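Counting the sequence shown from 1 gives a position; the numbering used here is that position plus 22.
Structure first, commentary second.
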Amino acid sequence: MDNNTALKADNIVKYFYEPEKFQVLKGLSFEVKKGEFVSLTGKSGSGKSTLLYVLSTMDTDYEGSLSINGETLTGQSMNRLAAFRNQHIGFVFQFHYLLPEFNVLDNVMLPALKLKRYSAKEIEARAYDNLRMLGLEDQALKAASKLSGGQQQRVAIARALINDPSVIMGDEPTGNLDSKNTAIVFDIFQKLARERGQTIITVTHDEDFAHKSDRIIDMRDGEIIG
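Set out below in structure tokens:
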């Protein structure tokens with residue numbers, strides 16, 4: 023794996039066993055470069071979200087091998103994978119999963135406080151930097167529940183960035199947003215890829231969003247078709 027490769031999937035096979043054995047991913051192999059913005063597309067049931075969960079290391083029940091930043095993650099312990107995720111991968115979901123009783127700043131700081139790589143003071147400064155970049159600095163001390171849907175999703179992105187992950191994974195990150203906020207989120211992802219060299223891998227149903235990204239991996243029935 024060369025130094026420019028962020029993620030390498032080799033012959034990924036995945037089965038579901040309920041209600042009966044069913045092959046959901048059929049030997050997928052591909053690479054994603056550092057700083058590349060990739061969209062995973064396909065109809066519901068194509069296997070794209072299942073693939074994202076394998077790539078994210080949250081699903082370990084698959085055949086084949088997965089490496090991120092040159093480290094083979096297949097076969098690693100749950101503790102090692104959790105530590106790897108916290109340090110190297112940022113997640114943005116369709117639902118923002120913010121803690122409503124916490125303010126915006128506390129929500130953004132949480133993953134970094136858990137990782138303990140920086141002091142609380144440094145983490146707060148980094149959180150403010152991220153909120154500033156996302157145009158939310160003035161909302162920092164507001165309860166997360168008081169923000170609009172578009173603002174909450176930007177807070178979720180700030181939280182995903184707090185540990186400076188090399189890879190950001192999104193599962194329908196604009197699925198609940200109107201077109202204006204979808205465009206804002208797209209621009210943020212593009213900026214992260216181009217200016218910070220962060221790798222973006224996102225599952226999306228939004229064709230405009232996908233077509234503007236660097237590359238589309240289109241799936242059907244557990245296979246890559248384009």
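Beta carbons: idealized from backbone N, C-alpha and C, even for Gly.
These numbers come from a predicted model, not from an experiment.
Query raised in the report: For Lys-234, which residues from the same chain have a beta carbon less than 8 Å from its beta carbon, with the 5 sequence-adjacent residues on both sides left out?
Result: Phe-208, Gln-212
Query - Bridge partner(s) assigned by DSSP for Arg-107 - result: Bridge partners of Arg-107: none, in fact.
Report task. Report the partner residues of Ser-89 according to the DSSP bridge assignment. Result -> Lys-30, Thr-94
Requested in this report: Alpha carbon to alpha carbon, how far is Glu-144 from Leu-88? Give it in angstroms, no decimals.
Outcome: 33 Å
Query - Met-155, DSSP secondary structure in three states - result: helix
Query raised in the report: Just checking, does the stretch 56-76 make contact with the stretch 222-229 on the three C-beta pairs under 8 Å criterion?
Result: yes
Report task. Can you tell me the Cβ-Cβ gap for Lys-56 and Gly-192, rounded? I've got them flagged as a contact below 8 Å. Result -> Going by Cβ atoms, the distance from Lys-56 to Gly-192 rounds to 17 Å, so no, they are not a contact pair.
Report task. Output the distance between the C-alpha atoms of Leu-156 and Ala-28, rounded to the nearest integer angstrom. Result -> 25 Å
Query raised in the report: Met-15 by DSSP, collapsed to three states: which one?
Result: This structure cannot speak to residue 15, because the chain is shown only from 23 to 248.
Query - Cβ separation of Leu-126 and Ala-178, assumed to be a contact under 8 Å, to the nearest whole Å - result: A small correction: the amino acid at residue 126 is Val; Leu does not occupy that position in the sequence shown. In fact, because the Cβ distance is near 10 Å, the residues do not count as touching under 8 Å.
Query raised in the report: For Gly-112, does the count of other Cβ atoms within 10 angstroms reach 16, so buried, or fall short, so exposed?
Result: buried
**Report entry** Contacts around Ile-90, its chain only, beta-carbon distance under 7 Å, and the 5 residues preceding and following it disregarded
**Finding:** Ala-28, Leu-29, His-110, Val-189
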